[in-house]
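Numbering (full-length UniProt numbering), first residue to last: 1 to 308.
Glycine included, C-beta positions come from ideal geometry on N, C-alpha and C.
Computed from a prediction, not measured in an experiment: that's the story for all the values here.
Data first, discussion second: the structure below is written as structure tokens.
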């Protein structure tokens, strides 16, 4: 069976703004039906990468291929097949909920009767059907975010780009959006996601890329990366007088790494670690938990590890 071409293929993508290197030699591939997440601290190059994919920023060098076509040669054709939910709220405040969708559909030259049918389906899907005649300023933050994603789907895109889709929302509103994105994933929608919420990425992403200072640090399937680079479990110990030399000696027989950040000790273990178990018994404030994506993120962008 012939292997399908990736929806997005990026090779050696670089962008320099005056004297600032925003993205450096990025390679990226997004398979059909998958969700890939770009992670990184502010200034890592995520937004610049998205803007180059959308044709809003011209690369300094490198190649972007989307749907098997060169972006530089087929930009207008490619953009017809992409849906974008930006981080900013750019809904038209002078229009109603339904009108925002209908007007946006006209940019894709969708006939009005089809646009109306599609808009009503999307409002129902995102639990906004009862608000279709409301003006935008009467919507809550969560309702606006759902409408922005609904608008991104009006053209039935082959690729959905989500830039911080639940930023600033309360947990209930975030979970409602995640539920809908889960359904879209099961239906085969290909997604490119940026997010600062590790829970969001853990739930939605099949593949993650962690970036810093414009470079790709690591990529892969989230759980596999956590197991390989962090471990199985994390011990968090609260204390203000850790002795690094003693810690290294006591944990020398343990397959683990550890770090000290302020008054907190983090021990990352791979498999059973009796040394860490015994050490934690000496302290009154100890939490043992499974390793997670945030640990991986901090491993590569935050704090330096010390080998046990």
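Terminal residues of the alpha helix (DSSP H) in which residue i lies
{"i": "residue 103", "result": "97-106"}
{"i": "residue 76", "result": "75-79"}
{"i": "residue 280", "result": "274-281"}
{"i": "residue 141", "result": "141-152"}
{"i": "residue 226", "result": "222-229"}
{"i": "residue 113", "result": "112-125"}
{"i": "residue 166", "result": "Element bounds for residue 166: n/a, residue is neither H nor E."}
{"i": "residue 47", "result": "46-53"}
Beta-bridge pairing of residue i - partner residues as DSSP gives them
{"i": "residue 235", "result": "267, 288"}
{"i": "residue 207", "result": "36"}
{"i": "residue 253", "result": "Note: residue 253 sits in no beta bridge, so no partner."}
{"i": "residue 20", "result": "17"}
{"i": "residue 190", "result": "159"}
Own chain residues within Cβ distance below 7 Å of residue i, not counting five before or after
{"i": "residue 78", "result": "66, 67, 69, 71"}
{"i": "residue 75", "result": "55"}
{"i": "residue 60", "result": "14, 15, 16"}
{"i": "residue 188", "result": "33"}
Euclidean distance between Cα positions of residue i and residue j
{"i": "residue 57", "j": "residue 87", "result": "17 Å"}
{"i": "residue 256", "j": "residue 245", "result": "15 Å"}
{"i": "residue 193", "j": "residue 208", "result": "9 Å"}
{"i": "residue 177", "j": "residue 272", "result": "38 Å"}
{"i": "residue 306", "j": "residue 220", "result": "Only weak support exists for where residue 306 lies, its pLDDT of 40 falling under 50; the value from the coordinates is given anyway. Those two C-alpha atoms are separated by around 24 Å."}
{"i": "residue 287", "j": "residue 264", "result": "11 Å"}
{"i": "residue 122", "j": "residue 299", "result": "39 Å"}
{"i": "residue 310", "j": "residue 113", "result": "There is simply no residue 310 to check, as the chain begins at 1 and stops at 308 in what is shown."}
{"i": "residue 197", "j": "residue 248", "result": "33 Å"}
{"i": "residue 151", "j": "residue 111", "result": "16 Å"}
{"i": "residue 85", "j": "residue 235", "result": "38 Å"}
{"i": "residue 282", "j": "residue 238", "result": "11 Å"}
{"i": "residue 16", "j": "residue 41", "result": "18 Å"}
{"i": "residue 94", "j": "residue 106", "result": "17 Å"}
{"i": "residue 293", "j": "residue 23", "result": "23 Å"}
{"i": "residue 217", "j": "residue 116", "result": "44 Å"}
{"i": "residue 136", "j": "residue 125", "result": "18 Å"}
{"i": "residue 279", "j": "residue 295", "result": "21 Å"}
{"i": "residue 118", "j": "residue 165", "result": "21 Å"}
{"i": "residue 139", "j": "residue 170", "result": "15 Å"}
{"i": "residue 4", "j": "residue 180", "result": "26 Å"}
{"i": "residue 109", "j": "residue 157", "result": "14 Å"}
{"i": "residue 258", "j": "residue 230", "result": "10 Å"}
{"i": "residue 186", "j": "residue 89", "result": "27 Å"}
{"i": "residue 133", "j": "residue 174", "result": "24 Å"}
{"i": "residue 19", "j": "residue 163", "result": "26 Å"}
{"i": "residue 73", "j": "residue 48", "result": "20 Å"}
{"i": "residue 183", "j": "residue 254", "result": "42 Å"}
{"i": "residue 308", "j": "residue 100", "result": "At residue 308, the pLDDT of 37 sits below 50, so the modelled position is not reliable and the matter cannot be decided from this model."}
{"i": "residue 297", "j": "residue 203", "result": "15 Å"}
{"i": "residue 104", "j": "residue 153", "result": "10 Å"}
Own chain partners of residue i with C-beta closer than 6 Å, once the 5 adjacent residues on each side are dropped
{"i": "residue 206", "result": "34, 35"}
{"i": "residue 131", "result": "97"}
C-beta contact flag for residue i and residue j at 9 Å
{"i": "residue 29", "j": "residue 10", "result": "yes"}
{"i": "residue 39", "j": "residue 167", "result": "no"}
{"i": "residue 83", "j": "residue 159", "result": "yes"}
{"i": "residue 12", "j": "residue 26", "result": "yes"}
{"i": "residue 251", "j": "residue 276", "result": "yes"}
{"i": "residue 274", "j": "residue 232", "result": "no"}
{"i": "residue 91", "j": "residue 7", "result": "no"}
{"i": "residue 146", "j": "residue 127", "result": "yes"}
{"i": "residue 214", "j": "residue 62", "result": "no"}
{"i": "residue 284", "j": "residue 37", "result": "no"}
{"i": "residue 190", "j": "residue 31", "result": "yes"}
{"i": "residue 155", "j": "residue 80", "result": "yes"}
{"i": "residue 200", "j": "residue 301", "result": "no"}
Sequence-distant residues of the same chain with beta carbon closer than 8 Å to residue i, five excluded per side
{"i": "residue 53", "result": "8, 10, 64, 66, 71, 161, 192"}
{"i": "residue 1", "result": "Confidence at residue 1 is low in this model, with a pLDDT of 48, below 50, so the placement of that residue should be treated as unreliable; the coordinate-derived value is given next. The answer is none, since no qualifying residue turns up."}
{"i": "residue 172", "result": "142"}
{"i": "residue 102", "result": "112, 115, 116, 119"}
First and last residue of the uninterrupted beta strand (DSSP E) at residue i
{"i": "residue 15", "result": "8-17"}
{"i": "residue 296", "result": "That residue, residue 296, is in no beta strand (DSSP E); its alpha helix (DSSP H) goes 293-301."}
{"i": "residue 63", "result": "61-66"}
{"i": "residue 84", "result": "82-85"}
Cutoff 9 Å: residue i Cβ touching any chain D Cβ
{"i": "residue 273", "result": "Any reference to chain D falls outside this structure, which holds one protein chain only."}
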